[in-house]
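K.L.:
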Ligand SMILES: NC(=O)c1ccc[n+]([C@@H]2O[C@H](COP(=O)([O-])OP(=O)(O)OC[C@H]3O[C@@H](n4cnc5c(N)ncnc54)[C@H](OP(=O)(O)O)[C@@H]3O)[C@@H](O)[C@H]2O)c1
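Numbering (our numbering), first residue to last: 4 to 310.
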């Protein structure tokens, strides 16, 4: 089958299109998926650059890609929830930029019938991450206030929609054309972080959901009420600032299991939460696709069309 691989860490020119054997189901809980579309996540270029080798090592040669949509072509002996021919979304945490991939059934879920394959793949990491931050870890309830930093990004734009559908009060930061996007998604307040100082405009939020990381994170502590939470998916918060502001500040690894996607996918099926695909590339254009994501200013998910 055709796949994308690299044999060394580095810039996107290490990326090659290769022919490799089609994977086989190695345990009873696996399903083989013919990939229709694969997501391009920021983690993909961070792994390629070698930045994640301490935290999340991979072996070379490596086939990138965390999540796909596609059609099941074979199932393990213990599989009862799926059958050959089912259209699904799956999180594989590797090997997804390829014509076929094997996934564990706990990370496979049926594709909502009202979205395309390219839209469907954009949902997996985004919904699982938003659910983890807002509810599993954030434990927010109706009427509580969340500030979403990086709200026009791929995860952020999904988080805004999940939060509004669950009756949270949403303050969103974005820039450029992202400001209009997050307004259109229903955010209650939108702050252009490039022209306005969020720390002067926002106080007493219950949760800061940091989807941007970097130097901007330190200021976010000031926005929280005492006892609030700063949960980041993009950088380890300072324990010193957490103690100073009396907040629960943590880096969060998302729960991307099928269970974690349930709440969001039911909203998608009802037409209440929309997938946002920023741009599509062919599988063979994986290098350009990763460069497009790492260049920033992308609103929504970048997707590889595979089959
Ligand atoms: N821990 C986990 O489990 C997990 C899961 C998913 C994603 N992630 C990580 O979370 C991050 C977000 O993922 P993504 O797919 O949503 O990436 P993305 O689409 O690139 O979105 C990042 C957003 O952050 C915004 N941003 C950058 N600097 C900012 C600042 N100073 N203030 C406010 N916003 C700022 C960007 O806005 P502009 O367009 O204005 O630059 C962009 O909209 C990535 O680092 C990714 O690797 C982690």
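Ideal Cβ placement from N, Cα and C applies to all residues, glycine included.
Report the CB separation of residue 306 from residue 40 in whole angstroms; it is logged as a contact under 8 angstroms.
P.N.:
5 angstroms
K.L.:
Would you list the one or two residues that DSSP bridges to residue 253?
P.N.:
Residue 253 pairs with 234.
K.L.:
Measuring straight from C-alpha to C-alpha, what distance separates residue 262 and residue 19?
P.N.:
34 angstroms
K.L.:
Residue 199: beta carbon under 6 angstroms from a heavy atom of ligand 1?
P.N.:
no
K.L.:
Going by DSSP, what residue range makes up the beta strand (DSSP E) through residue 138?
P.N.:
Careful: residue 138 lies outside any beta strand (DSSP E) and carries neither H nor E.
K.L.:
Residue 310: beta carbon under 6 angstroms from a heavy atom of ligand 1?
P.N.:
Taking non-hydrogen atoms of ligand 1 into account, the C-beta of residue 310 is found less than 6 angstroms away from none of them.
K.L.:
Is it the case that the Cβ atoms of residue 147 and residue 171 are separated by a distance below 7 angstroms?
P.N.:
yes
K.L.:
Kindly provide the ranges of any alpha helix (DSSP H) runs that are 4 or more residues long and lie completely inside the stretch 16 to 99, ordered along the chain.
P.N.:
45 to 51
K.L.:
Any idea what DSSP makes of residue 110, helix, strand or coil?
P.N.:
helix
K.L.:
Tell me the rounded alpha-carbon separation between residue 252 and residue 76.
P.N.:
43 angstroms
K.L.:
Are there any heavy atoms of ligand 1 lying less than 6 angstroms away from the beta-carbon of residue 45, as far as the coordinates show?
P.N.:
yes
K.L.:
So which of 33, 50, 115 has the shortest CA-CA distance to residue 109?
P.N.:
33
K.L.:
Cβ of residue 212 within 7 angstroms of Cβ of residue 185?
P.N.:
no
K.L.:
I want to check one thing, is the minimum distance from the CB of residue 132 to the heavy atoms of ligand 1 below 6 angstroms?
P.N.:
yes
K.L.:
Hey, how far is the Cα of residue 226 from the Cα of residue 202?
P.N.:
CA-CA distance, residue 226 to residue 202, rounds to 6 angstroms.
K.L.:
Considering just the uninterrupted stretch of the beta strand (DSSP E) at residue 284, what are its terminal residues?
P.N.:
280 to 285
K.L.:
Helix, strand or coil for residue 208? Go by DSSP, reduced to three states.
P.N.:
strand
K.L.:
Quick one: what's got a C-beta closer than 6 angstroms to residue 220's C-beta in the same chain, skipping five residues either side?
P.N.:
For residue 220, where only same-chain residues beyond five positions count, the Cβ hits under 6 angstroms are 213, 238.
K.L.:
Any chance the CB of residue 139 is under 6 angstroms from a heavy atom of ligand 1?
P.N.:
no
K.L.:
Where does residue 187 land, buried or exposed, given buried means 16+ other C-beta within 10 angstroms?
P.N.:
exposed
K.L.:
By how many angstroms is the C-alpha of residue 116 removed from the C-alpha of residue 255?
P.N.:
About 31 angstroms.
K.L.:
I believe residue 123 touches residue 94 by the beta-carbon criterion, under 8 angstroms. Please report the beta-carbon distance rounded to the nearest angstrom.
P.N.:
Between residue 94 and residue 123 the Cβ distance is about 12 angstroms, and since that is not below 8 angstroms, they are no contact.
K.L.:
Helix, strand or coil for residue 170, going by three-state DSSP, please let me know.
P.N.:
coil
K.L.:
Exposed or buried, which one is residue 99 when buried takes at least 16 other CB atoms within 10 Å?
P.N.:
buried
K.L.:
Three or more C-beta pairs closer than 8 angstroms, one from the stretch 150 to 168 and one from the stretch 188 to 208: is that the case here?
P.N.:
yes
K.L.:
Helix, strand or coil: which one does DSSP assign to residue 8?
P.N.:
strand
K.L.:
Ligand 1 and residue 299: does the residue's C-beta get closer than 6 angstroms to at least one heavy atom of that ligand?
P.N.:
Yes, the beta carbon of residue 299 sits closer than 6 angstroms to at least one heavy atom of ligand 1.
K.L.:
Quick check on residue 105: does DSSP put it in helix, strand or coil?
P.N.:
strand
K.L.:
Leaving out five residues before and five after residue 81 in sequence, what residues of the same chain have Cβ atoms less than 7 angstroms from its Cβ?
P.N.:
These residues qualify, in order along the chain: 31, 32.
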